[in-house]
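Working notes, beginning with the structure itself.
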Amino acid sequence: MREIVIVGGGYAGFYTAWGLEKALRRGEARVTVVDPRPYMTYQPFLPEVTAGSVEARHAAVSMRRHLRRTRLIAGRVTEISNADRTVTVRPASGADYELRYDTIVVTAGAVTRTFPIPGLAQQAIGLKHVEEAVAIRDRLMTAFDQAASLPPGAERRKLLTVTFVGGGFSGVEGFGELLSLATAMLKSYPELSFGDLSFHLVEARGRILPEVGDKPGAWVVRSLERRGAHVHLNTQLVSAQDGHVVLSSGEEFDSALVVWTAGNASNPVVHNHTDLPVDERGLLVVRPDLRVGTGSEPVPDVWAAGDDAAVPDLASSVTGAHTVPNAQHAVRQGKRLAKNIAASLRGGRIRNYRHSSLGVVATLGLGRGIFQYKSIVIKGLPAWLMHRGYHVLAVPTWERKVRVLTVWLTAALFGRDLVSLVSVQHPRDAFVTSGNPQRSGEGRTAADGEARADASAWSHSEDSGTVLSPGTLTARCPAQAVTQGMGMGSSPVSGPRPDSRAAGGVKSL
């Protein structure tokens, strides 16, 4: 029986495995997915998770529940040796081991692109995984509770200052949703006023949302500024040491919450730890039919899709264009991969991947959104309804669709559920302190410190061969995620991508 190994259980990996379960006959091949998480994250819902509009668990799709005939391995692939037909797996515990394959599918996913900015690794948090979205929401709500008990001043101002770095779709959607949540929370905090809030969006380029046109992008900036936000264009983050934000424009302010959404970088296992062909950006060279290799020289039994694959965009009029790294392409590529792999096993016809975009859509907060398809632009409430309607249909499985829709209907009747569960990030505090009053952060035991050290060691560096995937630690230390895009905090794991992959999650249809 042939062994098919899928590296990574994100969109492309999950849908490839799901499709293969439907396409393969019993005994025809065994499918194995290697991923440190037991679930696939539906990333378009993460901004709404930060705002409490979607429950965290509803943005995660259990692989064991839906991939019943697939072998799931909880671990990371640290090296791919196609010459030997093996991958090296690093499990959560125990020694590394080799896993042989006959066919391999590389869908490892990208990592957060970071830079050696002072204070970034210590203060910032990403927005690529569920635990990060939950932590962002809980930190903002906890900051409100703390600020409400303080007199006006520097400490209170810092608690209510939020900074997002990166003006792609992930950054703008997360920023807009969190601003909407903060504004709504003021009704429950009579001690605070709208003037106490300070929201900053920092973007290095001269515009945000590069996937929409110039005029719609400028409208989004004006819309955010009308809601009280500060949008800093052509500006870079210089330092975030101790929560003191310094911008390249010369502006400085204290911010208790810094969220880094400044794009993606190729996964180190693809960029540095494989003998498969990669391009100058560290992406796998992929043919239109999703086989790795060039048009004249495909690599036998090696397939790839998703963020780490340079897939030719056959629907684009631009010569040499590649598909953008978004969920919609990854899902469709995964489905095409499953069909092509099944066809190749049976000597059938392998088809090229082609998808014409139906437009891009983004949420900007409760009741606000923007949609563009060519010259058609829809703004405000209709665009927001289009965003929700599309994604409740796009999230995999009817079980998840019903759960998400139920939460939305409940919120429409009773409003947002304004409860912070930040204490779950340190569940042993009450036990350790025995009820004695402690300041935040006090009372941590040596065991807690050792556990966090173990979690940090689990992330490793690219020099050790670990696949660095931001946010893969537990919800106890979500800020660790932004450090995983760098080797040992000294340099990025790979250079910034010159294409739209640096823009964050693209919400094309």
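Counting along the sequence shown from 1, when you hit position 245 you're at 245 in our numbering, and nothing is skipped either side. The beta carbon of each residue, even a glycine, is placed where N, CA and C say it ideally should be.
Closest Cα partner of residue i within the set the options
i: V162; options: V202, E191, F169; result: V202
i: D196; options: G228, S423, E173, D301; result: G228
i: H329; options: L314, V318, A343; result: L314
i: E173; options: V5, K401, A362; result: A362
i: S317; options: V165, R416, S357, N340; result: S357
i: A51; options: A411, V432, A108; result: A411
i: L192; options: R157, E177, D214; result: R157
i: E177; options: P152, L140, G119; result: L140
i: H426; options: S375, Y97, R100, D138; result: D138
i: V407; options: L179, A59, A23; result: A59
i: L257; options: R100, V278, A182; result: A182
i: S420; options: I208, A108, L290, E55; result: E55
i: T103; options: V331, T319, P300, R226; result: P300
i: L99; options: H271, V111, S255, R85; result: R85
i: A74; options: V89, N82, H66, R68; result: V89
i: N272; options: A108, G206, G213, F199; result: A108
i: V231; options: Y101, H322, L67, E251; result: E251
i: P190; options: S149, W260, W384, R416; result: S149
i: A184; options: D417, F431, V395; result: D417
i: I350; options: D289, V311, A321, V331; result: D289
DSSP beta-bridge partners of residue i
i: P118; result: Answer by DSSP bridge pairing: none, since P118 is not bridged.
i: D35; result: A74
i: V318; result: Note: V318 sits in no beta bridge, so no partner.
i: A304; result: V106
i: R30; result: E3
i: T112; result: N264
i: H129; result: None, per the DSSP bridge assignment.
i: I80; result: V87, T274
i: I370; result: A362, K379
i: P210; result: Beta-bridge pairing links P210 to no other residue.
i: Y42; result: Per DSSP, none; premise fails for Y42.
i: R291; result: W303
i: A309; result: L284
i: L193; result: The sequence shown places Ser at residue 193, not Leu. DSSP output for S193 lists no bridge partner at all.
Neighbour-count burial assignment, residue i, 16 or more Cβ in a 10 Å radius
i: T466; result: Below a pLDDT of 50, predicted positions are generally treated as unreliable, and T466, at 36, falls in that range; the measurement from the model is reported next regardless. Classification for T466: buried.
i: P525; result: Residue 525 lies beyond the residue range present for the chain, which begins at 1 and ends at 509; the question has no answer from this structure.
i: E450; result: Unreliable placement is indicated for E450, whose pLDDT of 44 sits below 50; the coordinate value is still reported in the next sentence. Exposed is the call here.
i: N234; result: exposed
i: V424; result: exposed
i: Y353; result: buried
i: R76; result: buried
i: G505; result: Confidence in G505 is poor, its pLDDT being 45 and thus under 50, which makes the residue's placement too unreliable to answer from.
i: I4; result: buried
i: S170; result: buried
i: G334; result: buried
i: T348; result: Residue identity differs from the one stated: residue 348 is Gly in this sequence, not Thr. Exposed, since its Cβ has fewer than 16 Cβ neighbours within 10 Å.
i: V493; result: Since pLDDT at V493 reaches only 33, below the 50 mark, its modelled position is unreliable, and the value read off the structure follows with that caveat. Burial call: buried.
i: E280; result: exposed
i: R336; result: buried
i: V402; result: exposed
i: G10; result: buried
i: P36; result: buried
i: G94; result: exposed
i: T112; result: buried
i: L120; result: buried
i: A502; result: Summary for A502: the model assigns pLDDT 38, below 50, so the residue's position carries little reliability, and this model does not support an answer.
i: D463; result: Low confidence applies to D463: its pLDDT is 38, below 50, so where it sits in the model is not reliable, and the reading given next is rough at best. Exposed, by the Cβ-count rule.
i: K374; result: exposed
i: S188; result: exposed
i: A447; result: Bear in mind that a pLDDT of 43 at A447, under 50, signals an unreliable position, so the number given afterwards is only what the model happens to contain. Per the 10 Å Cβ criterion, exposed.
i: W260; result: buried
i: S459; result: The predicted model places S459 with a pLDDT of 40, which falls under 50 and marks its position as unreliable; any figure quoted below should be read in that light. Classification for S459: buried.
Contact belief for residue i with residue j at Cβ below 8 Å, rounded distance in angstroms
i: M386; j: G365; result: Incorrect: roughly 15 Å between the Cβ atoms, too far for contact.
i: V106; j: L284; result: 6 Å
i: T78; j: V31; result: Their Cβ separation, rounded to whole angstroms, is 21 Å, which puts T78 and V31 out of contact at 8 Å.
i: A327; j: L20; result: That pair is no contact at about 20 Å.
i: T514; j: I80; result: The chain is shown from 1 up to 509; residue 514 falls before or after that span and cannot be answered.
i: V377; j: P216; result: 5 Å
i: I117; j: A204; result: So it is not a contact: roughly 12 Å between Cβ atoms.
i: R64; j: P91; result: Incorrect: roughly 16 Å between the Cβ atoms, too far for contact.
i: V278; j: A304; result: Contact doesn't hold; Cβ gap of about 10 Å is too wide.
i: G243; j: G166; result: Not confirmed; about 18 Å, so no contact.
i: N82; j: L276; result: 6 Å
i: G380; j: Q372; result: Not a contact, Cβ separation roughly 13 Å.
i: T397; j: V61; result: 6 Å
Pairs of beta-carbons, one from the segment 130-140 and one from the segment 214-229, closer than 8 Å: are there three or more? no
Assess contact between the segment 45-58 and the segment 387-407, defined as three or more Cβ pairs (one per stretch) separated by less than 8 Å. Is contact present? yes
Do the segment 9-22 and the segment 139-151 make contact, defined as three or more Cβ pairs closer than 8 Å? no
If you pair each beta-carbon of the segment 118-130 with each one of the segment 20-28, do three or more pairs fall below 8 Å? no
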